[in-house]
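A.B. asks: Supplied in structure tokens, the structure appears directly below.
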Amino acid sequence: DQQVKQNSPSLSVQEGRISILNCDYTNSMFDYFLWYKKYPAEGPTFLISISSIKDKNEDGRFTVFLNKSAKHLSLHIVPSQPGDSAVYFCAASAKRTGNQFYFGTGTSLTVIP
Amino acid sequence: NAGVTQTPKFQVLKTGQSMTLQCAQDMNHNSMYWYRQDPGMGLRLIYYSASEGTTDKGEVPNGYNVSRLNKREFSLRLESAAPSQTSVYFCASSEGLALYEQYFGPGTRLTVT
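Chains A and B, in that order, are what the protein sequence lines are.
Add 95 to a position in the first sequence, counting from 1, and you land on the number used in the working numbering.
Add 145 to a position in the second sequence, counting from 1, and you land on the number used in the working numbering.
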């Protein structure tokens, strides 16, 4: 049973516009969330994280928002650039009770020049 | 710094054959992981090692064994390969469990015929 879900397999955005990638989770014990970016034939690379004590974390063009009541997080990329074209995975863990991250199925972002 | 390295990059096995996937990290990380990535399934944890000398099962351990040879190296063994084990395998490492981002290797693409 998928505890972390990314319901949009793909997303296309014009260069310069905002990209919004969404992630939902079912386990209310999750309290730490990460986003990874993956290019073809490479391993995922860490992008940004957020703890459940926050509702927003920003790093340059990347912002992650967390809505705990809705069990939903989103990644905003502004402005989007062609080099952002990749697969994005969200992941979640429960630091008090768990030892592992659970990953979503990924969203493939294409930024059109 | 090479980060996380994996060998081999590609492998084709016949059903019933065995093989070992090798992983090494040079970041002095305590924890190491093996994931598999299948289409539409995201990344699923096979086994992990919280620290040198310990290993634990993840979500999908059946058909696999692991060895944490030392702090740097964590190998994954398929004793009798099956077509269902056709996948891309990623090794990762982190400073610790659950709260720390993971650094991934480039992956091993395994096909079992």
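Glycine included, C-beta positions come from ideal geometry on N, C-alpha and C.
Counting only C-beta atoms, is residue 234 (chain B) closer than 8 Å to chain A at any point?
C.D. replies: Not closer than 8 Å to any Cβ of chain A, the Cβ of residue 234 (chain B) fails to qualify, so no.
A.B. asks: Take every Cβ of the segment 114 to 134 of chain A, pair it with every Cβ of the segment 194 to 204 of chain A, and state whether three or more of those distances are shorter than 8 Å.
C.D. replies: Yes, the segment 114 to 134 of chain A touches the segment 194 to 204 of chain A.
A.B. asks: With a threshold of 16 other CB atoms inside 10 Å of the CB of residue 184 (chain A), please say whether the residue is buried or exposed.
C.D. replies: buried
A.B. asks: Anything in the segment 193 to 213 of chain B with a Cβ closer than 9 Å to a Cβ of chain A? List those residues in chain order, please.
C.D. replies: Answer in chain order: 193, 195, 201, 203 and 204.
A.B. asks: Less than 8 Å between the beta carbons of residue 249 (chain B) and residue 235 (chain B), yes or no?
C.D. replies: yes
A.B. asks: From the DSSP output, which residues share a beta bridge with residue 188 (chain A)?
C.D. replies: A:127
A.B. asks: Which residues, in order along the segment 169 to 191 of chain B, keep a beta-carbon less than 7 Å from a beta-carbon of chain A?
C.D. replies: 185, 186, 187, 188 and 190
A.B. asks: Between the segment 251 to 258 of chain B and the segment 192 to 212 of chain B, can you find at least three pairs of beta-carbon atoms closer than 8 Å?
C.D. replies: Inter-segment contact for the segment 192 to 212 of chain B and the segment 251 to 258 of chain B is absent: fewer than three beta-carbon pairs are separated by less than 8 Å.
A.B. asks: Excluding five sequence neighbours on each side, which residues of the same chain lie with their C-beta closer than 8 Å to the C-beta of residue 201 (chain B)?
C.D. replies: Excluding sequence neighbours, residue 201 (chain B) sits near 192, 193, 194 and 195.
A.B. asks: Verify the CB distance criterion: does residue 183 (chain A) have a CB-CB separation below 8 Å to chain B?
C.D. replies: no
A.B. asks: Measure from the C-beta of residue 139 (chain A) to each C-beta in chain B and report whether the shortest distance is under 8 Å.
C.D. replies: yes
A.B. asks: Please classify residue 178 (chain A): does DSSP put it in a helix, a strand, or coil?
C.D. replies: helix
A.B. asks: If the cut-off is 9 Å on Cβ atoms, which residues from the segment 158 to 190 of chain A count as contacting chain B, listed in chain order?
C.D. replies: 184, 186, 188, 189 and 190
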